[in-house]
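*Asks:* To start, I am sharing the structure in question, which I have written as structure tokens.
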Amino acid sequence: MGAEHTGRQQSYRLFIGGEWVEPSKGGYAVVNPATEQVVAEAPEAGVDQIVDAVGAARAAFGPWSRRSPAERGELLMKLADAFERRIPELAPLVQAETGATMRVAQTLQVMQCAVRFRRYAQLANEDHDIALPPSVMPNTALAKGGLIGALAARQPVGVVACITPYNFPLTNMAGKVAPALAMGNTVVVKPAPQDPLAVLAFAEAVEEAGLPPGVFNVVTGSGAEAGQALVEADIDMVSFTGSTPVGQRIAETAGRGMKRLLLELGGKGAGIVFDDADVTAAVAGIGSTWSFHSGQICTAPTRVIAHRAVHDQLVEQLAAYARYLKVGDPLADDTIVGPVISQLQRDRVEALLDSGRQDGAEFVVGGQRPEMERGYYVAPTLLTGVRNEWRVAQEEFFGPVVVVETFDDEDEAVALANGTPFGLYDYVWTGDGVRGYRVARQLRSGNVGINTVQRNHEAPFGGFKLSGVGRDGGVFGLHAYSELQSIVWPS
Ligand code: NDP
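Here the numbering used here is used: the first residue of the sequence shown is 1280, the next is one more, and so on.
What follows is the structure, encoded as structure tokens:
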């Protein structure tokens, strides 16, 4: 399935029940955020087709869940192989539809997808049931006493709707599909409307690997209708990554049917920088908000909380870093900051910047639209003098913007960091390990990095507060797609 990036226009089809299906509502254009050119047409699924995909996943669930974990693991490994063979074709496609720089496209957009399938293929082979010690139970009116054995067994949840955001289409999909399938669930994937093409093309690897029809289905659409119809359909669980308002709507709908939820939502990562911190290391970490995928990442340290003693030095170094970054064509080797995903997203970022201007923030770097003929660019922007109650400190930019607040003592730093509705990923930079740990334990945030923005993919990942419900990552991700079943017997 080639596309415009290879010089050839092509339309894509839905993948339902192991078949390529023409969309009942035609197609819509997927636009390259750097060139504003159409990459290809994506299918516009009708509600009937969403229901068909769920029906196919429901029919496939019984047999798939009864396969041995080893067989499922083997098929997922084959899928990772089939996907890797397609990387030379898929990396340019995902680059074109996301506008990611080639470095981001080749590493995090594709390689990480393969890594996730391999990791969960391996985890499928491990035993995830929990053996419990036998318990001596007394005679009761209910039953005779005795030595009673029990096991907490992990069972798949059933049909899982996997709804993903636009920033890392393949990698986010893999983070849901790989553990869900490894645990014995079947899936209907609904990628974001802006960049669904590589996920549709991924289904070719599913076919080649020989996954049974209906185990993996993909539906797409340009508006909220497809996602809504999927959440309302006969599914057992929604695994959603995206914005908090959409997550809240999904939770309301899913709650009526008691559908299980894994919600990875927005963030407004605080980066506390103490006066004993290695400021250069802090700058490198915070600077990733600009240099990594134009700030379109939910975990970025976008809200710096700087000790007054290091504030000026930190701002000076951050400003130098931001000015150094080349903004432009994501295909150019020296480009660090590519476009944001769409005109709509650029408008949102610019509107939020305007609110900062009106509130009185100082724009140390950026704030103006870069002069480009085409593309949805936002310049790396640094705002100082920010107060925590301002919108720029409370709302997500999801773009290359860092805001700086100041603090005088540790308690104030913690209060500022905790002072938003989000709680996804916070950071602490300090030369004092004990302080780093003490502060981390006070942060109302699902993840805390001390002196690093690096990840450990085996650690549980998820949010406190409005940043979500549940955890994925490593074995926690596998367990998220299971129900615990107690099995009890007399010995
Ligand atoms: P959106 O919430 O706008 O969309 C995410 C997905 O939900 C899309 O596939 C969208 O497709 C779908 N959707 C929208 N409305 C509904 C609905 N009512 N029912 C079901 N599905 C629906 O997020 P973005 O794509 O704009 O991504 C950016 C957001 O994602 C940011 O808030 C960011 O913080 C968050 N994010 C969180 C991460 C985490 O792990 N915590 C990681 C990455 C991003 P459509 O519009 O076609 O319906």
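Each residue gets a CB set at the ideal place from its N, CA and C atoms; glycine is no exception.
Grab the span of the alpha helix (DSSP H) containing Asp-1687 for me, first residue to last.
*Replies:* Unbroken run through Asp-1687: none, as it is neither H nor E.
*Asks:* Pull up the distance between the alpha-carbon of Tyr-1656 and that of Ala-1335, whole angstroms please.
*Replies:* So the alpha carbons of these two residues sit roughly 41 Å apart.
*Asks:* Where DSSP assigns a beta bridge to Asn-1496, which residues make up the other side?
*Replies:* Paired residue(s): Val-1467.
*Asks:* Using a Cβ-based criterion (distance less than 7 Å to any ligand heavy atom), does Thr-1443 qualify as near the ligand NDP?
*Replies:* The answer is yes for Thr-1443.
*Asks:* Is the Cβ-Cβ distance between Leu-1757 and Leu-1402 less than 8 Å?
*Replies:* Cβ atoms of Leu-1757 and Leu-1402: closer than 8 Å.
*Asks:* Where DSSP assigns a beta bridge to Asp-1751, which residues make up the other side?
*Replies:* In DSSP, Asp-1751 forms a bridge with Phe-1740.
*Asks:* Mind checking whether Met-1646 and Thr-1663 have CB atoms under 8 Å apart?
*Replies:* Sequence inspection shows Gly at residue 1646; the Met mentioned does not correspond to that position. Result no, Cβ atoms of Gly-1646 and Thr-1663 do not sit closer than 8 Å.
*Asks:* Please work out which residues of its chain come closer than 6 Å, Cβ to Cβ, to Lys-1304, disregarding the five sequence neighbours upstream and downstream, and give them in chain order.
*Replies:* Glu-1323 and Gly-1325, listed in sequence order.
*Asks:* Using only the alpha-carbon positions, how far apart do Tyr-1771 and Leu-1449 sit?
*Replies:* What is shown of the chain runs 1280 to 1770, which leaves residue 1771 out entirely.
*Asks:* Under a three-way DSSP split, which group does Thr-1660 fall into?
*Replies:* It is a strand residue.
*Asks:* Could you give the residue range of the alpha helix (DSSP H) that holds Ala-1370?
*Replies:* That run of the alpha helix (DSSP H) goes 1366-1377.
*Asks:* Could you tell me if Leu-1358 is buried or exposed, where buried requires 16 or more neighbouring beta carbons within 10 angstroms of its beta carbon?
*Replies:* Buried, by the Cβ-count rule.
*Asks:* Tell me, which residues are paired with Tyr-1307 by DSSP?
*Replies:* Partner(s): Ala-1321.
*Asks:* Got a sec? Which residues, its chain only, sit under 8 Å from Ala-1480 by beta carbon, not counting five neighbours each side?
*Replies:* Met-1280, Tyr-1291, Arg-1365, Glu-1368, Leu-1369 and Leu-1372.
*Asks:* On a Cα-Cα basis, can you pick out the residue from Ala-1561, Pro-1580, Arg-1723 and Leu-1610 that is closest to His-1590?
*Replies:* If we check each option's Cα against that of His-1590, Ala-1561 comes out closest.
*Asks:* Would you list, in sequence order, the uninterrupted beta strand (DSSP E) runs of no fewer than 3 residues that lie entirely inside the stretch 1391-1425?
*Replies:* Runs found: 1409-1416.
*Asks:* Please identify the residue among Asp-1327, Asp-1331, Ala-1321 and Thr-1314 whose C-alpha is closest to the C-alpha of Glu-1298.
*Replies:* It is Asp-1331 whose Cα lies nearest to the Cα of Glu-1298.
*Asks:* Can you tell me the Cα-Cα spacing of Pro-1618 and Val-1318, whole angstroms?
*Replies:* Those two C-alpha atoms are separated by around 15 Å.
*Asks:* Whose C-beta lies closer than 6 Å to the C-beta of Val-1383 among residues of the same chain, with five residues either side of it excluded?
*Replies:* Here the set comprises His-1572.
*Asks:* If distances are taken between C-alpha atoms only, which option among Glu-1405, Gln-1596 and Val-1683 comes closest to Arg-1433?
*Replies:* That would be Glu-1405, whose Cα lies nearest to the Cα of Arg-1433.
*Asks:* Provide the residue span of the beta strand (DSSP E) that contains His-1590, from first to last.
*Replies:* Unbroken run through His-1590 is the alpha helix (DSSP H), 1587-1603; no beta strand (DSSP E).
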